[in-house]
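Have a look at the structure below, then the notes.
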Amino acid sequence: MDSIIKDLDTTWQDGESKNITFIVTKDCQLACKYCYLVGKNEKERMTWEVAKAAVDYILAHEEDFQEPSVVWDFIGGEPFLEIDLIDRICDYIKTETFRLNHHWFDSYRFSFSTNGINYDSEKVQRFITKNHSHISVGITIDGTKRKHDLNRIWKGDGPEKGSYDAVVKNIPLWLSQFPEGSTKVTISSADIPYIRESVLHLYSLGIKEVNINVVFEDVWNDGDDKLFEEQLTLLADDIIEHGLYKNYACSFFSEAIGKPLDAQLDNQNWCGAGKMLSIDAAGNFYPCTRFAGYSLRNKRPIIIGNITDGIDSNKLRPFLTLDRTTQSPQKCIDCEIASGCAWCQGENYDAAKTDTIFQRSTAICKMHYARVRANNYYWNKLFRKEELEANKPTQSVNPI
Amino acid sequence: MIKYLIIPLSDNAVSFCHYNARKGSSATIETETLRKALIWAMKENLSVQFLYPSEGVGKNIELIINTIDHTDIVPADCRDNNRLKGADIVVFNTWDGIETFGFRPDQSYIIRTTTEILINHRDGIQALLKKVNRLNIVVTDVPNFNPELHNGYQEFLESLIPTIVEEYSSGHMVQLNLLTDRIMLTGMNNCNAGNESLTLAPDGNFYTCPAFYFDGFPAVGTTEQGPDIKNPQLYRLSHAPICRICDAYQCKRCVWHNQQLTFEVNTPGKQQCVMAHIERNASRKLLEALRKAMPGFMSETIIQEIKYLDPFDNIKI
Numbered sequence: 004m005d006s007i008i009k010d011l012d013t014t015w016q017d018g019e020s021k022n023i024t025f026i027v028t029k030d031c032q033l034a035c036k037y038c039y040l041v042g043k044n045e046k047e048r049m050t051w052e053v054a055k056a057a058v059d060y061i062l063a064h065e066e067d068f069q070e071p072s073v074v075w076d077f078i079g080g081e082p083f084l085e086i087d088l089i090d091r092i093c094d095y096i097k098t099e100t101f102r103l104n105h106h107w108f109d110s111y112r113f114s115f116s117t118n119g120i121n122y123d124s125e126k127v128q129r130f131i132t133k134n135h136s137h138i139s140v141g142i143t144i145d146g147t148k149r150k151h152d153l154n155r156i157w158k159g160d161g162p163e164k165g166s167y168d169a170v171v172k173n174i175p176l177w178l179s180q181f182p183e184g185s186t187k188v189t190i191s192s193a194d195i196p197y198i199r200e201s202v203l204h205l206y207s208l209g210i211k212e213v214n215i216n217v218v219f220e221d222v223w224n225d226g227d228d229k230l231f232e233e234q235l236t237l238l239a240d241d242i243i244e245h246g247l248y249k250n251y252a253c254s255f256f257s258e259a260i261g262k263p264l265d266a267q268l269d270n271q272n273w274c275g276a277g278k279m280l281s282i283d284a285a286g287n288f289y290p291c292t293r294f295a296g297y298s299l300r301n302k303r304p305i306i307i308g309n310i311t312d313g314i315d316s317n318k319l320r321p322f323l324t325l326d327r328t329t330q331s332p333q334k335c336i337d338c339e340i341a342s343g344c345a346w347c348q349g350e351n352y353d354a355a356k357t358d359t360i361f362q363r364s365t366a367i368c369k370m371h372y373a374r375v376r377a378n379n380y381y382w383n384k385l386f387r388k389e390e391l392e393a394n395k396p397t398q399s400v401n402p403i
Numbered sequence: 004m005i006k007y008l009i010i011p012l013s014d015n016a017v018s019f020c021h022y023n024a025r026k027g028s029s030a031t032i033e034t035e036t037l038r039k040a041l042i043w044a045m046k047e048n049l050s051v052q053f054l055y056p057s058e059g060v061g062k063n064i065e066l067i068i069n070t071i072d073h074t075d076i077v078p079a080d081c082r083d084n085n086r087l088k089g090a091d092i093v094v095f096n097t098w099d100g101i102e103t104f105g106f107r108p109d110q111s112y113i114i115r116t117t118t119e120i121l122i123n124h125r126d127g128i129q130a131l132l133k134k135v136n137r138l139n140i141v142v143t144d145v146p147n148f149n150p151e152l153h154n155g156y157q158e159f160l161e162s163l164i165p166t167i168v169e170e171y172s173s174g175h176m177v178q179l180n181l182l183t184d185r186i187m188l189t190g191m192n193n194c195n196a197g198n199e200s201l202t203l204a205p206d207g208n209f210y211t212c213p214a215f216y217f218d219g220f221p222a223v224g225t226t227e228q229g230p231d232i233k234n235p236q237l238y239r240l241s242h243a244p245i246c247r248i249c250d251a252y253q254c255k256r257c258v259w260h261n262q263q264l265t266f267e268v269n270t271p272g273k274q275q276c277v278m279a280h281i282e283r284n285a286s287r288k289l290l291e292a293l294r295k296a297m298p299g300f301m302s303e304t305i306i307q308e309i310k311y312l313d314p315f316d317n318i319k320i
């Protein structure tokens with residue numbers, strides 16, 4: 004398809020950058036119902052000493068971090084609750100990479116996924132102004148007020164209260180600073196009826212890229228797949244009929260999904276766990292945040308080292324040799340619509356029958372089938388529309 | 004498919020492998036449990052291997068053991084002389100007494116030792132190779148196999164080559180697991196715990212191997228309900244991304260070490276891979292030396308020269 008259709012932006016330096024995540028706090032103002040972080044708390048806040056030691060370890064082991072670029076990622080809980088610490092860490096990274104003549108000195112991003120609640124605070128804004136050219140910020144807003152408030156509720160006792168109003172007020176400021184800003188929408192069973200209206204609402208707010216996915220956990224009820232397909236079909240109609248595909252993108256629709264995958268040629272792992280590095284308040288290293296204790300329901304954390312002893316490379320070997328077919332059941336290997344069917348290594352581990360990352364969870368199987376059916380509809384309808392428009396008779400031009 | 008059942012008869016039964024038996028306990032398997040397990044083993048067509056403690060076992064246990072064809076693995080310091088004489092495999096946990104032991108051609112022998120002590124007993128091993136037909140050396144500190152030991156281990160293995168060549172030349176085809184197995188094998192021949200072998204522990208439960216029992220891992224079944232290994236595919240070579248492309252065929256591919264070092268039973272730690280490749284490369288040199296002494300020796304066998312000691316380096320994604 005030609006460039007009239009907006010593509011999803013790829014990640015900065017995709018595949019070329021190391022992703023290093025600081026879990027600066029396990030606290031958050033919200034208590035989202037679908038949040039996979041089961042161990043959130045107000046106590047585990049990263050100290051400056053731990054953060055500094057982590058940066059020192061990473062920069063001192065340049066030979067183990069040879070990627071040309073780095074994304075320094077800050078998450079929580081809600082990372083902007085620790086803006087003072089983050090500011091100090093970022094300043095330290097900048098001065099140390101310069102002092103050490105480190106190859107990441109001018110090839111870095113600071114990345115944030117925030118709930119957006121204190122985005123307009125003076126401290127956060129000062130930080131953004133200071134580092135603007137090296138920052139990526141994604142604000143999570145789930146769609147319409149009723150969809151957003153269904154899950155993204157304030158923490159605390161008393162009646163449930165949604166956070167939509169506190170977030171949406173900051174969207175214009177955010178988009179003025181990051182016009183290409185994208186949002187991340189998470190779909191659980193209860194959210195399905197609101198998918199169409201939510202994506203359209205986010206477009207109406209000016210958000211051009213909506214990255215949306217169903218949760219990987221086994222939460223799906225009978226009939227969810229039918230409803231999901233129906234919502235995506237209605238969304239496809241709206242996007243195509245109103246020409247929204249020219250300026251807006253939604254990750255549910257992709258030409259690449261729904262094809263069979265070759266067992267040898269398309270055998271790479273979906274997930275980047277193990278190529279990333281995550282650090283918590285105790286100074287422990289994880290292959291991804293999803294393997295930290297606060298992310299796991301049933302399993303012990305997978306700690307691959309710490310700021311004192313460094314990384315135990317043996318603990319990374321399973322992650323770095325993990326391929327698609329070794330972890331997949333036969334039905335996935337034989338699946339005719341396998342491409343685009345995602346998984347989360349942490350959820351695989353958490354849901355596995357044994358303590359392994361080599362057992363793929365297939366909880367989203369029927370949802371993927373539904374997505375592929377709607378996706379096929381989307382592209383068939385869009386191609387046909389483009390074809391008909393291309394063949395429209397144009398006004399004849401007088402050659403004289 | 005499970006083919007072998009290993010039964011440590013007590014908590015202090017001799018270890019024949021990398022793990023150590025439980026210290027401070029001599030709890031013995033219950034006779035009724037043993038009886039049921041052996042009936043089950045017969046029905047499943049399993050080969051049974053018994054591991055004995057130094058003090059031997061009581062008459063009741065003896066009677067049950069003799070109801071099934073089996074292999075006896077006995078510690079060299081066993082105080083029951085008849086048991087020691089009748090052993091199929093004798094295990095040495097110490098170098099004491101090896102020089103004076105009455106080795107026999109119909110028995111196989113295992114020496115369990117740390118790498119450093121092994122390297123320092125080169126002369127002892129050379130002497131032993133002249134006395135036995137089959138010797139297995141089991142290194143008990145694989146996780147500590149650091150780069151400082153690599154050269155010493157390689158030199159130790161290569162120092163045994165002249166002795167083995169001499170023995171072969173004189174018609175004594177001695178087998179040493181670390182050197183001759185790789186020459187004889189045409190494919191991976193690993194421990195295969197969880198895939199081909201299973202362990203019935205003194206507590207009456209099934210475990211992947213004795214090491215998992217002695218190291219406190221959960222059981223994988225009871226004698227009442229039978230074994231139930233979850234994710235059994237992970238114990239197969241096909242589901243071991245590093246091992247399935249490896250040609251260090253003699254490697255034990257110890258799933259307990261894998262679990263210890265990488266948290267995954269199907270993924271070896273670097274130490275195990277490097278150790279196995281030093282053995283593989285020494286085996287290659289042994290094959291060359293044997294061919295020089297005996298032209299045409301195993302002419303079909305080819306062990307390629309390789310530039311790596313860890314196959315992980317070839318496949319990390």
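So the protein lines, in turn, are chains A and B.
Take the first sequence: its position 99, counting from 1, is numbered 102 in my numbering, and each next residue is one higher.
Take the second sequence: its position 169, counting from 1, is numbered 172 in my numbering, and each next residue is one higher.
For every residue, glycine included, the Cβ atom is placed at its ideal position computed from N, Cα and C.
inquiry  = Within the continuous alpha helix (DSSP H) that includes residue 294 of chain A, where are the two ends?
reply    = Mapped onto the first sequence, residue 294 of chain A falls at position 291. Looking at the DSSP string, residue 294 of chain A is not in any alpha helix (DSSP H), and its letter there is neither H nor E.
key: CB-CB length for residue 238 of chain A against residue 213 of chain A, believed under 8 Å   = In the first sequence, the residue the question calls residue 238 of chain A occupies position 235. In the first sequence, the residue the question calls residue 213 of chain A occupies position 210. With a Cβ gap of about 10 Å, residue 238 of chain A and residue 213 of chain A do not count as contacting.
key: In DSSP terms, what residue 267 of chain A is bridged to   = Within the first sequence, residue 267 of chain A is the residue found at index 264, counting from 1. In DSSP, residue 267 of chain A forms no bridge with anything.
inquiry  = Please report the distance separating the alpha-carbon of residue 204 of chain B from that of residue 216 of chain B.
reply    = As a working note, residue 204 of chain B is residue 201 in the second sequence. As a working note, residue 216 of chain B is residue 213 in the second sequence. So the two alpha carbons sit approximately 7 Å from each other.
task = Using the Cα positions of residue 257 of chain A and residue 194 of chain A, report the straight-line distance between them to the nearest angstrom.
result = Along the first sequence, one-based indexing puts residue 257 of chain A at 254. Along the first sequence, one-based indexing puts residue 194 of chain A at 191. Approximately 21 Å between the Cα atoms of the pair.
task = Determine the burial state of residue 228 of chain B: buried for a count of at least 16 other Cβ atoms within 10 Å of its Cβ, exposed for fewer.
result = As a first step, residue 228 of chain B must be located in the second sequence, where it is residue number 225. Its Cβ having fewer than 16 others within 10 Å, residue 228 of chain B is exposed.
task = State yes or no: is the beta carbon of residue 20 of chain A nearer than 8 Å to at least one beta carbon in chain B?
result = Your numbering for residue 20 of chain A matches position 17 in the first sequence. Taking Cβ atoms only, chain B never reaches closer than 8 Å to residue 20 of chain A, which makes this a no.
inquiry  = Let me see if you follow: with CB-CB separation under 8 Å, is residue 244 of chain B close to chain A or not?
reply    = On the second sequence, residue 244 of chain B is found 241 positions in, with the first residue counted as 1. It does: the Cβ of residue 244 of chain B has a partner Cβ on chain A nearer than 8 Å.
query = So is residue 46 of chain A buried or exposed if we call it buried at 16+ other beta carbons inside 10 Å?
reply = Looking up residue 46 of chain A in the first sequence gives position 43. Exposed: under 16 other Cβ atoms inside 10 Å.
inquiry  = So within the region 159 to 220 of chain B, which uninterrupted beta strand (DSSP E) runs reach at least 3 residues, ignoring any that extend past its ends?
reply    = 200 to 203, 208 to 210
message = Please list, in chain order, the residues of the region 286 to 316 of chain A that have any C-beta partner in chain B closer than 8 Å.
response = 305, 316
message = Below 8 Å, how does it come out for the region 227 to 245 of chain A and the region 378 to 385 of chain A: are there three or more Cβ pairs, yes or no?
response = yes
query = Under 8 Å, do residue 232 of chain A and residue 345 of chain A count as touching if we go by C-beta distance?
reply = Translated into the one-based positions of the first sequence, residue 232 of chain A becomes position 229. Translated into the one-based positions of the first sequence, residue 345 of chain A becomes position 342. For residue 232 of chain A and residue 345 of chain A, no; Cβs fall outside 8 Å.
message = Is residue 95 of chain B near the ligand SAH - that is, is its Cβ less than 7 Å away from at least one heavy atom of it?
response = This structure simply doesn't include the ligand SAH, nor any ligand for that matter.
query = Along chain A, in chain order, which residues have C-beta atoms closer than 8 Å to that of residue 225 of chain B?
reply = Taking the first residue of the second sequence as 1, we reach residue 225 of chain B at position 222. None at all; the shortest Cβ gap to chain A is about 18 Å.
Burial state of residue 241 of chain B (16 or more Cβ within 10 Å) = As a first step, residue 241 of chain B is located in the second sequence; it is residue number 238 there, counting from the start. Its Cβ having fewer than 16 others within 10 Å, residue 241 of chain B is exposed.
inquiry  = Can you look up residue 313 of chain A in the DSSP assignment and give me helix, strand or coil?
reply    = Indexing the first sequence from 1 puts residue 313 of chain A at position 310. Reduced to three states, the DSSP call for residue 313 of chain A is strand.
ask   = If you scan the region 43 to 68 of chain B from start to end, which runs of the alpha helix (DSSP H) of 4 or more residues do you find wholly inside it?
value = 62 to 68
According to DSSP, residues forming a beta bridge with residue 154 of chain A = Residue mapping note: residue 154 of chain A aligns to position 151 of the first sequence, counting from 1. Per DSSP, none; premise fails for residue 154 of chain A.
ask   = Quick one: is residue 202 of chain B near chain A, going by C-beta distance under 8 Å?
value = For this step, residue 202 of chain B is matched to residue 199 along the second sequence. So no, residue 202 of chain B is outside the interface.
inquiry  = Counting only C-beta atoms, is residue 329 of chain A closer than 8 Å to chain B at any point?
reply    = Here residue 329 of chain A refers to the residue found at position 326 when the first sequence is read from its first residue. Yes, contact with chain B.
Buried/exposed call for residue 51 of chain A, threshold 16 Cβ in 10 Å = Translated into the one-based positions of the first sequence, residue 51 of chain A becomes position 48. Exposed, because fewer than 16 other Cβ atoms sit within 10 Å of the Cβ of residue 51 of chain A.
message = Using the Cβ count rule (16 or more neighbours within 10 Å means buried), how would you classify residue 130 of chain B?
response = Indexing the second sequence from 1 puts residue 130 of chain B at position 127. Exposed, since its Cβ has fewer than 16 Cβ neighbours within 10 Å.
request  = Note the first and the last residue of the continuous beta strand (DSSP E) segment covering residue 387 of chain A.
outcome  = Working through the first sequence from its first residue, we reach residue 387 of chain A at position 384. Unbroken run through residue 387 of chain A is the alpha helix (DSSP H), 368 to 393; no beta strand (DSSP E).
message = Contact criterion: CB-CB distance below 8 Å. Does residue 358 of chain A meet it with respect to chain B?
response = Residue 358 of chain A sits at position 355 when you count from the first residue of the first sequence. So yes, residue 358 of chain A belongs to the interface.
key: Straight-line gap, residue 173 of chain A to residue 143 of chain A (C-alpha atoms, nearest Å)   = Counted from its first residue, the first sequence places residue 173 of chain A at position 170. Counted from its first residue, the first sequence places residue 143 of chain A at position 140. Distance between the alpha carbons of residue 173 of chain A and residue 143 of chain A is about 11 Å.
query = Using 8 Å as the limit for Cβ to Cβ distance, is residue 234 of chain B near chain A?
reply = Numbered from its first residue, the second sequence carries residue 234 of chain B at position 231. Closer than 8 Å: yes.
task = Kindly indicate the opening and closing residues of the beta strand (DSSP E) around residue 352 of chain A.
result = Within the first sequence, residue 352 of chain A is the residue found at index 349, counting from 1. Note, residue 352 of chain A: premise wrong, no beta strand (DSSP E); alpha helix (DSSP H) at 348 to 354.
key: Test item: CB-CB of residue 211 of chain B and residue 245 of chain B under 8 Å   = On the second sequence, position 208 is the one that residue 211 of chain B refers to. On the second sequence, position 242 is the one that residue 245 of chain B refers to. Not a contact, by the Cβ cut-off of 8 Å.
query = Whose CA, out of A:68, A:357, A:187, A:375, lies closest to the CA of residue 19 of chain A?
reply = Working through the first sequence from its first residue, we reach residue 19 of chain A at position 16. The shortest Cα separation from residue 19 of chain A among A:68, A:357, A:187, A:375 belongs to A:68.
task = Answer with yes or no whether the minimum CB distance from residue 266 of chain B to chain A is below 8 Å.
result = Taking the second sequence and counting its residues from 1, one reaches residue 266 of chain B at position 263. It does; some Cβ of chain A falls within 8 Å.
inquiry  = So if DSSP puts residue 75 of chain A in a beta bridge, which residue, or which two residues, is it bridged to?
reply    = Along the first sequence, one-based indexing puts residue 75 of chain A at 72. The partner list for residue 75 of chain A (beta bridge, DSSP) reads A:23, A:113.
query = What does DSSP give as the partner residues of residue 44 of chain A in its beta bridges?
reply = Residue numbering aside, residue 44 of chain A sits at position 41 when the first sequence is read from its first letter. Answer by DSSP bridge pairing: none, since residue 44 of chain A is not bridged.
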